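Below: the structure, in structure tokens.
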Amino acid sequence: MDFKTNNIIEEYLTEQLDVFTTDDFYKHLKAHGVKVTKADASEILHVSEYVFSLVNNEFVTKAGVFTGRWFSFKPSREEVEKGYIIIGHRCMPFVNTEVPPDGISIMSEGQIIESEAHTFTMNLAMDTFALYGEGYILPYIFNDKNNTSLPLSSVQYSMPQEITLTAWPLGKISGAEDFKYGDRILCRVLSWSDGVVEMRAQPSGLSEFVISDEAVQREEWYTHFENGLLESFDRHGPASSIEEQLSFLFLENQEELCTRCCGSTEEFLAHTTKIGFEPYGVESRIWRKGESVPYTGKWNGLDLDRGMLLTDMALTLTPKVIDAILEDRIYDKRRGKKDIADDFEDVIQKIFPNMAMISSAERRLVLLNIEKRNDILEKMYNQFSDYPIADLRKRILGLFTRVSELFCEIGGSGVAADNFPQQELVILSQLYSHAVRLLEEVENVYMRPQFPTEDVSLSLEGMEETFEDISGTLFSALECNRFKGFEIVK
Numbered sequence: 001m002d003f004k005t006n007n008i009i010e011e012y013l014t015e016q017l018d019v020f021t022t023d024d025f026y027k028h029l030k031a032h033g034v035k036v037t038k039a040d041a042s043e044i045l046h047v048s049e050y051v052f053s054l055v056n057n058e059f060v061t062k063a064g065v066f067t068g069r070w071f072s073f074k075p076s077r078e079e080v081e082k083g084y085i086i087i088g089h090r091c092m093p094f095v096n097t098e099v100p101p102d103g104i105s106i107m108s109e110g111q112i113i114e115s116e117a118h119t120f121t122m123n124l125a126m127d128t129f130a131l132y133g134e135g136y137i138l139p140y141i142f143n144d145k146n147n148t149s150l151p152l153s154s155v156q157y158s159m160p161q162e163i164t165l166t167a168w169p170l171g172k173i174s175g176a177e178d179f180k181y182g183d184r185i186l187c188r189v190l191s192w193s194d195g196v197v198e199m200r201a202q203p204s205g206l207s208e209f210v211i212s213d214e215a216v217q218r219e220e221w222y223t224h225f226e227n228g229l230l231e232s233f234d235r236h237g238p239a240s241s242i243e244e245q246l247s248f249l250f251l252e253n254q255e256e257l258c259t260r261c262c263g264s265t266e267e268f269l270a271h272t273t274k275i276g277f278e279p280y281g282v283e284s285r286i287w288r289k290g291e292s293v294p295y296t297g298k299w300n301g302l303d304l305d306r307g308m309l310l311t312d313m314a315l316t317l318t319p320k321v322i323d324a325i326l327e328d329r330i331y332d333k334r335r336g337k338k339d340i341a342d343d344f345e346d347v348i349q350k351i352f353p354n355m356a357m358i359s360s361a362e363r364r365l366v367l368l369n370i371e372k373r374n375d376i377l378e379k380m381y382n383q384f385s386d387y388p389i390a391d392l393r394k395r396i397l398g399l400f401t402r403v404s405e406l407f408c409e410i411g412g413s414g415v416a417a418d419n420f421p422q423q424e425l426v427i428l429s430q431l432y433s434h435a436v437r438l439l440e441e442v443e444n445v446y447m448r449p450q451f452p453t454e455d456v457s458l459s460l461e462g463m464e465e466t467f468e469d470i471s472g473t474l475f476s477a478l479e480c481n482r483f484k485g486f487e488i489v490k
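Under our numbering, the first residue of the sequence shown carries the number 1, and numbering increases by one thereafter.
Next up, the structure:
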């Protein structure tokens, strides 16, 4: 798709507030000159992270679900004492995930509140970004635009006691002139696509003698939140992230949870005894406390359908990954490497280690497209621009190849996914998607001048070690299950 087409699609999916159908979306695209079939339009809606599928072939965007909905948070004692708040995960899942916490615009009484740089303890930062999950908390904190002195790579030596983050003056929020610890901030999204959030102070009304109506209502809110999450675990499983888990929860329980007398996710997690953060491979999820988060279940059909593993893998693959493989090949060629085949079979093998993933007709089509794409990349290739990241890309591709080969071994083995150790399978899946994401970042030519080579190299080192840790366990489980499949002929 060209840039204009992408813009038309993205604008619709980030700004459409009403429930719509595939036909509505298709007609909109055609009216704006986009050449697309109805099947293509349907596919876009089903794979878009901006859209929820409803019943009767209807859809609603995240913008439609979350714009104007009430949510709240309670600033920490440190923030109240310093007179500044940080956002962290507190607007999750109500705001556009493409807008980072330091890029959110806060409004009060119709006026934008300007953000400032302010120093907070690292403990507060870790708590306030916790919902991004294990593996993502530190990148979000250290990538804040006002953290100009501490690179993420410095964490391998020691964790800083304090860090400078983007903050907003509490006193400029409507009703916060006499803000006290225990008071909260009531919020609603005004523009989902741009990340504009309206805020106002909400006094706690706490009294040691009287239990207020608000306190009773908030207690009921926690009960609705807990019951909704437990039901969501069975329906949607661990989802792709904590943000997606919460998106499903608030979508399905809007009337009960999006009220003026609401609590917050972080308060709920301190309040509940049934639910907490649980490890999910190298990440974390909100799950039943003390229970291992499974990889397979009714929500994804992997306990019943072995082929879903390969399908998931194929869906994760992107054109940027193919570009990375081809550019690595071109780089080697320019450097005089001799053993590079002319038929691109090596490229096909890296993309699809298990040939059962595609038919012979599909394989011929892919091969044709690879040859065409290679011709384009060879004409555009800039060795000087590529040189600083070429070795790092080769390392990422090395990990990607090993992970995808093991993934294909398991997916094509005929052994059901629930016969493998679940956490190791989760980690393998995460390593695959993380490697794909790194290759996409490497292939972003606009990022290359400031590509964070040190940070990515450090992250890659951890991923390589993790693969070594889990691959032996998975190979053993694979061989063990294959052995069980043999029968002795008498």
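Cβ atoms here follow ideal geometry from the backbone N, Cα and C, with glycine treated the same way. Only a predicted model underlies this, so the values are computations on that prediction, with no experimental measurement involved.
Buried or exposed, going by whether 16 or more other CB atoms sit within 10 Å of the CB of M463? buried
Have a look at A39, E43, V65 and I44 and flag the residue whose alpha-carbon is nearest the alpha-carbon of D18. V65
task = Have a look at the DSSP bridge pairing and note the partners of S53.
result = F59
- Query: Whose C-alpha, out of V456, E405, T259 and H434, is nearest the C-alpha of S240?
  - Reply: H434
(request) Put R188 into one of helix, strand or coil per three-state DSSP. (result) strand
DSSP beta-bridge partners for L165?
H118
| Taking just the CA atoms, how far does G228 sit from E252? | 8 angstroms
- prompt: Are at least three pairs of beta-carbons, each pair with one atom in the segment 76-86 and one in the segment 163-171, less than 8 angstroms apart?
  reply: yes
Practice prompt. Let me know the secondary structure DSSP gives E440 once reduced to three states.
Written response: helix
Q.
Give me the DSSP bridge partner(s) of F20.
A. F59
| field | Extent of the continuous alpha helix (DSSP H) run through S232 | value | D213 to H236
Can you tell me which of the three DSSP states M107 falls into?
strand
If you draw a straight line from the alpha carbon of E278 to that of L269, how long is it in whole angstroms?
12 angstroms
(message) Restricting to Cα atoms, I'd like to know which of I163, E58 and V196 is closest to G68.
(response) V196
inquiry  = Within 10 Å of its beta-carbon, does Y432 have 16 or more other beta-carbons around it, so buried, or fewer, so exposed?
reply    = buried
*asked:* Output needed for I505: all residues of its chain with C-beta closer than 8 angstroms, excluding positions within five of it in sequence on either side, in chain order.
replied: The chain is shown from 1 up to 490; residue 505 falls before or after that span and cannot be answered.
(Q) I need the DSSP call for V47, collapsed to helix, strand or coil. (A) helix
query = Span of the beta strand (DSSP E) holding K202?
reply = According to the sequence shown, residue 202 is Gln rather than Lys. It spans V196 to Q202 - the beta strand (DSSP E) in which Q202 sits, taken as one unbroken run.
Item to complete: Go ahead and label A201 buried or exposed: buried means 16 or more other beta carbons lie within 10 angstroms of its beta carbon, across all protein chains shown.
Response: buried
Would the segment 406-419 and the segment 371-388 be scored as touching if the rule is three or more Cβ pairs under 8 angstroms? no
In chain order, what residues of the same chain lie with their CB nearer than 7 angstroms to the CB of D144, ignoring the 5 residues before and after it?
D102, L165 and T166
| What residues are listed by DSSP as bridge partners for G276? | W287
Kindly indicate which residue of E220, I286 and I376 has the alpha-carbon position closest to the one of P238. I286
Inset, instruction - Just mark V445 as buried or exposed, buried being the case when its beta carbon has 16 or more other beta carbons within 10 Å. - result: exposed
Notebook entry, point to check: First and last residue of the alpha helix (DSSP H) that includes S404?
Noted result: Q383 to G411
- request: Please look up how many angstroms separate the CB atoms of K38 and T22, rounded, as I've assumed it's under 8 angstroms.
  value: 7 angstroms
- Under the three-state DSSP convention, the category F250 falls into: helix
For the beta strand (DSSP E) containing S153, name the first residue and the last one. Per DSSP, S153 belongs to no beta strand (DSSP E) and is neither H nor E.
- Item | S72, enclosing beta strand (DSSP E) - first and last residue | W70 to F73
Residues that W158 bridges to, as DSSP identifies them = Before going on, a small fix: residue 158 reads as Ser here, not Trp. DSSP lists no partner for S158.
- [ ] State the DSSP-derived secondary structure class of D102, mapped to helix, strand or coil.
- [x] helix
Answer yes if the segment 291-299 comes into contact with the segment 145-164, meaning at least three C-beta pairs across the two stretches below 8 angstroms, and no otherwise. no
* To do: Quick one: grab the DSSP three-state call for I571.
  => Because the chain is modelled from 1 through 490, residue 571 falls outside the range shown and cannot be assessed.
Practice prompt. Look at the Cβ atom of L474, then the Cβ atom of E440, and state whether they are nearer than 9 angstroms.
Written response: no
field: Cα-Cα separation, D303 to L230
entry: Confidence at D303 is low in this model, with a pLDDT of 46, below 50, so the placement of that residue should be treated as unreliable; the coordinate-derived value is given next. When rounded, the distance between both Cα atoms is 20 angstroms.
Report task. For N376, write down the residues that DSSP places opposite it in a beta bridge. Result -> It should be noted that the sequence gives Ile, not Asn, for residue 376. Answer is none; I376 lacks a bridge partner.
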